[in-house]
Amino acid sequence: MDKTFQPSKFEKDIYAFWEKNKLFVAKVDKKKKPFTIILPPPNANAALHWGHAMYVYEDVMIRYHKLMGFETLWFPGADHAGIETQFVFEKHLKKQGKSRFDFERPILFQMIWDFVQENRGTMEKQLKSLGFALDWTKEKYTMDPDIVDIVYDTFEKLFKDGLIYRAERLVNYCTSCGTSFSDLEVVHKEQTDPLYYMKYGPFTLATVRPETKFGDTAVAVNPKDKRYKKWIGKIVEVEGLIGKFKLKVVGDDVVDPKFGTGVVKVTPAHDFNDYEIAKRHDVPLKQVIGFDGRLNNLTGKYEGLTVKQAREKVVADLEKKGLMVKIKTDYSHRVATCYRCGRTLEPLPKDQWYIKVKPLVDEAKKLVVKNKVEIYPKRFKKQLTRILDEFIDWNISRQIVWGIRIPAWRCVRPEKVKIMGFHDSVVSQVIKGKTKTYRLRDHGFKVGDRIALENSQKKELFGYAVIMKIQKTSVGSIDLQDKSHYAVYSTYEDLIKAFKRHNPEKEINKQTKAFLYEYTFEEITKSRSGCGRWIVSKKKPQKCPKCSSGKLIQDEDTFDTWFSSAQWPFVTLQSTGKDHFDYFYPTTVMETGYDILRAWVSRMIMVGYFVTKKEPFQNVFLHGMVRDKHGQKMSKSKGNVLDPMDMVQKFGADAFRAALLFGVKEGNDISFSEERIVGMRNFANKVWNVGRFLHMNKNEEKKSKSKKIKATDDLNKELEQMKKQYQKHMDKYEFSKALNLVHEFLWHRLADVYVEKLKDELKNGNMEALSTLTNSYIENLKMLHPFMPFITEALYQTFYGQNKSILNRHA
RNA sequence: GGACUCGUAGCUCAGUUGGCUAGAGCGUUGCAUUGACAUUGCAAAGGUCACAGGUUCAAGUCCUGUCGGGUCCACCA
Numbered sequence: 007m008d009k010t011f012q013p014s015k016f017e018k019d020i021y022a023f024w025e026k027n028k029l030f031v032a033k034v035d036k037k038k039k040p041f042t043i044i045l046p047p048p049n050a051n052a053a054l055h056w057g058h059a060m061y062v063y064e065d066v067m068i069r070y071h072k073l074m075g076f077e078t079l080w081f082p083g084a085d086h087a088g089i090e091t092q093f094v095f096e097k098h099l100k101k102q103g104k105s106r107f108d109f110e111r112p113i114l115f116q117m118i119w120d121f122v123q124e125n126r127g128t129m130e131k132q133l134k135s136l137g138f139a140l141d142w143t144k145e146k147y148t149m150d151p152d153i154v155d156i157v158y159d160t161f162e163k164l165f166k167d168g169l170i171y172r173a174e175r176l177v178n179y180c181t182s183c184g185t186s187f188s189d190l191e192v193v194h195k196e197q198t199d200p201l202y203y204m205k206y207g208p209f210t211l212a213t214v215r216p217e218t219k220f221g222d223t224a225v226a227v228n229p230k231d232k233r234y235k236k237w238i239g240k241i242v243e244v245e246g247l248i249g250k251f252k253l254k255v256v257g258d259d260v261v262d263p264k265f266g267t268g269v270v271k272v273t274p275a276h277d278f279n280d281y282e283i284a285k286r287h288d289v290p291l292k293q294v295i296g297f298d299g300r301l302n303n304l305t306g307k308y309e310g311l312t313v314k315q316a317r318e319k320v321v322a323d324l325e326k327k328g329l330m331v332k333i334k335t336d337y338s339h340r341v342a343t344c345y346r347c348g349r350t351l352e353p354l355p356k357d358q359w360y361i362k363v364k365p366l367v368d369e370a371k372k373l374v375v376k377n378k379v380e381i382y383p384k385r386f387k388k389q390l391t392r393i394l395d396e397f398i399d400w401n402i403s404r405q406i407v408w409g410i411r412i413p414a415w416r417c418v419r420p421e422k423v424k425i426m427g428f429h430d431s432v433v434s435q436v437i438k439g440k441t442k443t444y445r446l447r448d449h450g451f452k453v454g455d456r457i458a459l460e461n462s463q464k465k466e467l468f469g470y471a472v473i474m475k476i477q478k479t480s481v482g483s484i485d486l487q488d489k490s491h492y493a494v495y496s497t498y499e500d501l502i503k504a505f506k507r508h509n510p511e512k513e514i515n516k517q518t519k520a521f522l523y524e525y526t527f528e529e530i531t532k533s534r535s536g537c538g539r540w541i542v543s544k545k546k547p548q549k550c551p552k553c554s555s556g557k558l559i560q561d562e563d564t565f566d567t568w569f570s571s572a573q574w575p576f577v578t579l580q581s582t583g584k585d586h587f588d589y590f591y592p593t594t595v596m597e598t599g600y601d602i603l604r605a606w607v608s609r610m611i612m613v614g615y616f617v618t619k620k621e622p623f624q625n626v627f628l629h630g631m632v633r634d635k636h637g638q639k640m641s642k643s644k645g646n647v648l649d650p651m652d653m654v655q656k657f658g659a660d661a662f663r664a665a666l667l668f669g670v671k672e673g674n675d676i677s678f679s680e681e682r683i684v685g686m687r688n689f690a691n692k693v694w695n696v697g698r699f700l701h702m703n704k705n706e707e708k709k710s711k712s713k714k715i716k717a718t719d720d721l722n723k724e725l726e727q728m729k730k731q732y733q734k735h736m737d738k739y740e741f742s743k744a745l746n747l748v749h750e751f752l753w754h755r756l757a758d759v760y761v762e763k764l765k766d767e768l769k770n771g772n773m774e775a776l777s778t779l780t781n782s783y784i785e786n787l788k789m790l791h792p793f794m795p796f797i798t799e800a801l802y803q804t805f806y807g808q809n810k811s812i813l814n815r816h817a
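Quick look at the structure:
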């Protein structure tokens, strides 16, 4: 034995030994209790970082339970990490002077696939170098066909249960990354921008985004604001940069009379608040910024300018025209930015798939409240229930290529047409051929327009029509008995009731204006192709089940990566086989960082329960973030980043692992420094040398006489107590305390006290002293093994032989 | 604005349901040591446990407030 412990001499061989002897391979064994952890799948093509280093907690739990006689499964996998990976790949393309728009979709997908495959493997190697007891024979990847298949099943099931819907809403869109994000992926940044006060018809109003004024469709004031009360409901004329336009003034409580001038321009297509105001007051949407981040053809001479350029030009032009009142330059506010590229996000209206989360959240919350899913440390339970309470419908569409493509097919319409919606209850009457309809809202139809008729509840097209005549009229002057209308009414109350059904928020009386459309109706038949319907199906359907059209095109979008991640605990086990799923599911512990409690943990519970009707894991253990030695976040700009793999090389995996846990309260952030590892490296060396000392004595084999003395009894007693204490800590997830206990006992009791006391006895060849010390030592190695697997295995083997493993003791 | 969390030795942190002279690692000081280990041993210095009240026989630990960090969420043109 060397004088000091040399990690590099052992680590590789020992890991290979473990793998060769299938020590990490889990089998279904009904005689044993299962203990399962699914590894939070790291990004397939990224190198190991501090987050992954924290998997040490999982290894500690796995090895501890393996030693306790459980059938343990630690299930490894890799995530395709949609946006992250595509973003990295695009940077890679950029270096070659190319962009993703230079390639067709299948080619681009294949290129990213190959790129990932090339870079894959480093992550696995690094996890092995940390000694993780992962069952590599079962490894899965989120893009494996069998995984994707189950993810599709989930989507279908959600759809069948009515929990998936498609809606046009404002989304957070990054015009640089070319995709939308869910609300959780938005990062708000504090920023100082000019606040522009401009003349706006009879008002002056303040805005930071003058370039969106072309999309304004209303002006809002607070209804209690005496200054503007009289304007509410009136139409005002505004002199703009591309001509005069008219807008309605609405009263809404969200307007703060104290801010700016107390007047707000309403731009529903480009602002979340305005969108809400517009919904409340039935104000139309007008999109003037495109998904390329440039102004569109509704903005006259500003068309084609980027948002930034347009803002500068609009400001300059407003000043020229004398419409700019003043500019406040130090206005500080929070801006939504892309968590990926850091650019400002553009709220844009877009058609996307959403998951209705309410029913899922309700079930998830029950599991958490009733402790079917227990959270450690406890304080995160409160946080999780709050997160569940606040969940809003989840946008799962992403406009990127790298991901699991959404299995939805659109029955393509032969041409782009405007749509007129009908309430489900009147569709049958419309089909009977009555050809007139009253509408409260003007759809902007013109005589001669070819329009599609849609069942607004089912979102299905059922016919086409050509507009013959449009008449504007008040409700009071509608001919109730008009036989050519699809429905006749006996009283105005009935008619108003019918209107109300379509416009529940609107006040309707005899003075309300309605539009009367006359049209020729044409029912959609099998011969006509394309009804615009969405079909959710794993495989491409032969034809549309509604209209029999064969022209079906798959949605271009891919799933939010979290959608597949949310299913990870059960897809991994299901794809491994029913017997495995039945035995190992629900998994025992989900261990991850508290930073993804919302994005991942909550969703796993929601989706996992929905699909399996069981909690995906019985316990959640959350670890903290790694910071530098002064508690500062590690960042490249601060230059305080340590590379975990460097640390492993320099001090050994055991020291590194122990340093992550030693003296750290579970769930708290860790201030990491090289000194911490040095301390643990020294500890490892102490352990090594106690072994070395005992081993030397063992080999000296003097005259064997045994004599019980007080010190050996004391040691045995102390050891028994300590073992109990250790188990208590381990079972309560108090790993730091357990490690501290072994550290204290091995070093300061066993080595400093007992070895010193018994040194003379050993010299005299007292075998009782040697065996007591050795026994105590081996027991400690066992307890230390979850934390420092390599050195403990190496020492165990020097005592019992190269073909033995410390892990097999209870096998 | 809301929620959570922290404020204990020079630094980074432990301190279990309140209970003896408040602990660890690193750092500091002194001494020791050539047959397990200098990646060592022994010893020492160093804390009004943020502050102010309160509950209690007893508070670093529970309650209230103040001050000061941190994290997350919400969000006004």
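In the numbering used here, each residue carries its 1-based index in the first sequence increased by 6. Yeah, the Cβ is synthetic: ideal placement off N, Cα and C, and Gly gets one too. Quantities reported herein were computed from a predicted structural model and do not represent experimental measurements.
Continuous beta strand (DSSP E) stretch holding residue i: start and end
i: Asn-178; result: 170 to 180
i: Phe-805; result: Where Phe-805 is concerned, there is no enclosing beta strand (DSSP E), although the alpha helix (DSSP H) it sits in stretches over 795 to 806.
i: Tyr-444; result: 442 to 445
i: Asn-461; result: 456 to 461
i: Met-596; result: 593 to 599
i: Ser-186; result: 185 to 187
i: Ser-480; result: 466 to 480
i: Leu-253; result: 249 to 257
i: Leu-354; result: 352 to 361
Cα-Cα separation, residue i to residue j
i: Phe-161; j: Ile-170; result: 8 Å
i: Ser-490; j: Asp-561; result: 40 Å
i: Ser-820; j: Val-34; result: This structure cannot speak to residue 820, because the chain is shown only from 7 to 817.
i: Met-60; j: Lys-38; result: 28 Å
i: Asn-377; j: Gly-583; result: 28 Å
i: Asp-280; j: Arg-111; result: 35 Å
i: Tyr-308; j: Ala-316; result: 6 Å
i: Pro-650; j: Phe-93; result: 24 Å
i: Val-320; j: Glu-217; result: 6 Å
i: Gln-624; j: Pro-592; result: 7 Å
i: Glu-145; j: Ala-32; result: 12 Å
i: Lys-4; j: Leu-301; result: Residue 4 lies beyond the residue range present for the chain, which begins at 7 and ends at 817; the question has no answer from this structure.
Delimiting residues of the alpha helix (DSSP H) encompassing residue i
i: His-754; result: First-last for His-754: undefined, no H or E at that position.
i: Trp-540; result: Element bounds for Trp-540: not the alpha helix (DSSP H) but the beta strand (DSSP E), 540 to 542.
Best match in the options for proximity to residue i [C-alpha to C-alpha]
i: Ser-811; options: Gln-12, Glu-25, Val-214, Lys-235; result: Glu-25
i: Val-192; options: Thr-343, Phe-451, Ala-22; result: Thr-343
i: Val-1; options: Glu-621, Ala-22, Gly-807; result: This structure does not reach residue 1, given that the chain is present from 7 up to 817, and the question cannot be answered.
i: Leu-211; options: Phe-165, Trp-237, Thr-267; result: Thr-267
i: Lys-716; options: Met-596, Glu-740, Tyr-760; result: Tyr-760
i: Phe-41; options: His-586, Thr-335, Glu-90; result: His-586
i: Met-686; options: Leu-201, Thr-305, Lys-384, Leu-745; result: Leu-745
i: Gly-556; options: Cys-417, Leu-725, Phe-115; result: Cys-417
i: Val-607; options: His-629, Ile-153, Tyr-589, Tyr-206; result: His-629
i: Gln-803; options: Val-748, His-749, Gln-92, Arg-698; result: Arg-698
i: Glu-77; options: Lys-28, Lys-235, Asn-722, Phe-521; result: Lys-28
Residues bridged to residue i (per DSSP)
i: Lys-639; result: Arg-633
i: Ser-403; result: Phe-565
i: Cys-3; result: With the chain covering 7 to 817 only, the question about residue 3 has no answer from this structure.
i: Ile-44; result: Phe-81
_Closer than 8 Å is the cut-off here; do at least three beta carbon pairs connect the region 165 to 180 with the region 348 to 363?_
yes
*asked:* Measuring CB atoms only, is the region 565 to 578 touching the region 439 to 452, in the sense that at least three cross pairs come out at less than 8 Å?
replied: no
_Tell me whether the region 53 to 70 and the region 98 to 108 touch, counting them as touching only if at least three CB pairs, one residue from each stretch, are closer than 8 Å._
no
*Answer yes if the region 459 to 470 comes into contact with the region 427 to 435, meaning at least three C-beta pairs across the two stretches below 8 Å, and no otherwise.*
yes
_Any contact between the region 46 to 56 and the region 9 to 25? By contact I mean 3 or more CB pairs, one from each, below 8 Å._
no
*For the region 239 to 253 against the region 294 to 301, are there 3 or more C-beta pairs whose distance is under 8 Å?*
no
*Touch check for the region 598 to 617 and the region 360 to 372: three-plus C-beta pairs under 8 Å?*
yes
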